[in-house]
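Numbering (numbering that gives the first Met the number 0), first residue to last: 0 to 482.
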Amino acid sequence: MVEKGVSLSHNQNPDVEPDIETLRERFEACGQGHVFRFWDELSEAARKRLARQAARIDLEILKSLHAAQASTPASDEIEPIAVVRLPESGGDADRLRRAGQRGEELLSAGRIALLVVAGGQGSRLGFDGPKGCYPIGPVSERSLFALQAQRIRRLRRRFSDALPWYVMTSATTDAATRQFFAENDHFGLPTHDVLFFQQAMVPSLDFEGRLILEQPDRIFENPNGHGGSLTALLDSGALDDMERRGVETIFYYQVDNPMIRLADPTYLGLHAAESADMSCKVIRKLDPMEKMGVVARIAGRPGVIEYTELSDEIRHARDTSGEMVYWAGSIATHAFSVDFVRRVAGAADEWLPYHASAKKIPGVDDSGRPVVPREPNGRKLERFVFDALTAARQTCIVEADRDIEYSPVKTPDVGESVVKARRNLSSLYRGWLAEAGLPLPPAGIAIEIDHSRADDASELRALGIKSIEEAPDIIRTAPGAES
């Protein structure tokens, strides 16, 4: 089992109690003495919790974090980036075919690992639990984790059993995620190939750079962002585990996209053919205002510009044919070489800087009573995984088909995105049935296919099924549901 990642902290032995006087003096010297303002009112157990948490926090780092701010790149520093296009967009079909063959060879040789970023809670979905446990199946209501595990079982049968799945959790989701996997028998996967590790937690700061108390005995902390996955891979020993297994490439994705094409052989083959350190999948943005980061060249280097940081000039730029110039929206699907992750994570402060964003952060008032702010009262700090692009000596940017690869369950349009994701999954399965020559159910009927048995139309056709009724364990339908 991979060990937990570490946070912005000193290497503290949890069995050794920190010296409270020294600790308080250190916090006072850095303007953070308010952290102990309820000390005299706390129980002995509460004091120990607070002291241990405080001892982990590197106050020297906090000084630089207070200055972390998102910046908008100047328009004259930005230019479009080359993208490997889909055949329907003018791409080279033969090149993609060869890449697919190479990707299959890498999978068969056990050179690939899967990494899912799953540190987020489902609270914004109205769900009490890790987001990966959210029920998304259009008929069975299978969870995001279960759907992904089905795809992994199919990949293992088709290519090789040597396909490990690394699941990154956070302090808030780790125990519940492990329990969910255990209760579901790891979704039919061998336990030694499902490896959990935690990303680090980082404290938030108010607008004056002071730590925020979430409770009288607890400093507010949040997961350190998807970029924390790279440092956590190093700190947890996961990279060492990958190297022992002979893994060379990591397929990275985020848990909230049920349409993800896990370990896409064509994508992996293109990554290998280009000798890329890091690769990205992109889709064509629907319009300039769609809330997606844009992959582009920034001051000559590949990078992603968050939609909040796009200037109007760049956002609305059109070419002579009227098409968007900056259309390549990132879908947070990456491929990394293991060596590259080790290099970037080992110099994280250089390549993965913290970004600060204003948020409403719960805390306590001067009497220790809970306060839920109505307006942003501080900044949460996060690392962004795409910042690693600037460290890559070679990259590969690949276009994906939105209709078959992207329908994330996200905020702020939570209700809409959930309905849309289920509808898009059902539509995907309906397309497979049609392509496989199977009779289709009427419109308005939801469809769900077991990915462990068939993960595309050709695999469905190969099963020799003549009708949906012949395979109720593979193809499910639900009357009255949206298709």
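Glycine included, every Cβ here is placed at the ideal spot set by N, Cα and C.
Closest by CA to residue i, which one among the options?
i: Gln149; options: Asp205, Phe383 and Phe186; result: Phe186
i: Ile211; options: Ile56, Arg401 and Val418; result: Ile56
i: Val294; options: Met288, Glu305 and Pro287; result: Glu305
i: Lys419; options: Tyr405, Gly227 and Trp431; result: Tyr405
i: Gln100; options: Ala271, Ala347 and Asp472; result: Ala271
i: Pro215; options: Glu447, Ala470, Glu40 and Arg401; result: Glu40
i: Gly30; options: Glu207, Asp160, Ser107 and Ala98; result: Glu207
i: Ala435; options: Ala390, Asn256 and Ile448; result: Ile448
i: Glu483; options: Thr171, Asp173 and Gly367; result: Coverage of the chain is limited to positions 0 through 482, which leaves residue 483 absent and any answer about it impossible.
i: Arg378; options: Val281, Ala355, Pro369 and Thr394; result: Ala355
i: Ala390; options: Arg475, Ser426 and Val343; result: Val343
i: Asn221; options: Ala50, Thr476, Ile464 and Lys358; result: Lys358
i: Ile297; options: Ile80, Ala98, Met258 and Phe383; result: Ile80
i: Ser228; options: Ala470, Lys280, Tyr165 and Tyr325; result: Tyr165
i: Gly345; options: Gly463, Leu232 and Leu154; result: Leu232
Rounding to the nearest angstrom, what Cα-Cα distance links residue i and residue j in this structure?
i: Leu285; j: Met291; result: 10 Å
i: Tyr133; j: Leu437; result: 30 Å
i: Thr444; j: Trp350; result: Residue 444 is actually Ile in this sequence, not Thr. Whole-angstrom Cα-Cα distance: 48 Å.
i: Thr248; j: Arg25; result: 43 Å
i: Ile467; j: Val408; result: 28 Å
i: Ser74; j: Arg283; result: 21 Å
i: Asp91; j: Val83; result: 8 Å
i: Gln120; j: Arg94; result: 40 Å
i: Arg429; j: Lys62; result: 54 Å
i: Arg48; j: Trp38; result: 11 Å
i: Val5; j: Ala199; result: Here Val5 scores only 29 on pLDDT, less than 50, and its place in the model is too uncertain to base an answer on.
i: Ile111; j: Asn223; result: 25 Å
i: Ala327; j: Leu64; result: 30 Å
According to the Cβ coordinates, are residue i and residue j closer than 9 Å?
i: Gln197; j: Met167; result: yes
i: Phe179; j: Gly125; result: no
i: Leu261; j: Ile151; result: yes
i: Phe339; j: Met288; result: no
i: Glu374; j: Pro72; result: no
i: Gly226; j: Phe385; result: yes
i: Ile313; j: Val34; result: no
i: Glu398; j: Leu85; result: yes
i: Ala117; j: Val254; result: yes
i: Leu146; j: His333; result: no
i: Ala44; j: Pro17; result: no
i: Leu432; j: Ala456; result: yes
i: Tyr252; j: Leu114; result: yes
i: Ser203; j: Ile360; result: yes
i: Ile19; j: Arg46; result: yes
So, with DSSP's three-state summary, where would you put residue i?
i: Ala295; result: strand
i: Lys284; result: coil
i: Gly90; result: coil
i: Lys419; result: helix
i: Ala390; result: helix
i: Glu289; result: coil
i: Val384; result: helix
i: Arg401; result: helix
i: Ser310; result: coil
i: Ala271; result: helix
i: Pro478; result: coil
i: Ser278; result: strand
Does any heavy atom of the ligand NAD sit closer than 8 Å to the C-beta of residue i?
i: Gly328; result: This structure lacks the ligand NAD, and indeed carries no ligand of any kind.
Please specify which runs of the beta strand (DSSP E), each continuous and at least 3 residues long, are wholly inside the stretch 315-368, giving them in chain order. Runs of the beta strand (DSSP E) inside the stretch 315-368: 327-336 and 353-358.
My parser needs the beta strand (DSSP E) runs of 3 or more residues fully inside the stretch 96-181; what are they? Qualifying beta strand (DSSP E) stretches, in chain order: 111-116 and 164-168.
So within the stretch 19-78, which uninterrupted alpha helix (DSSP H) runs reach at least 4 residues, ignoring any that extend past its ends? 19-28, 43-55 and 58-64
Can you give, in chain order, each stretch of the beta strand (DSSP E) that sits fully within the stretch 190-263 and has at least 3 residues? Note on the stretch 190-263: whole beta strand (DSSP E) runs with a minimum of 3 residues are 193-197, 200-202, 212-214, 220-222 and 248-253, in chain order.
In the stretch 427-471, which residue ranges form an unbroken alpha helix (DSSP H) of at least 4 residues, counting only runs that do not cross its ends? Listed in chain order, the complete alpha helix (DSSP H) runs (minimum 4 residues) inside the stretch 427-471 are 456-461.
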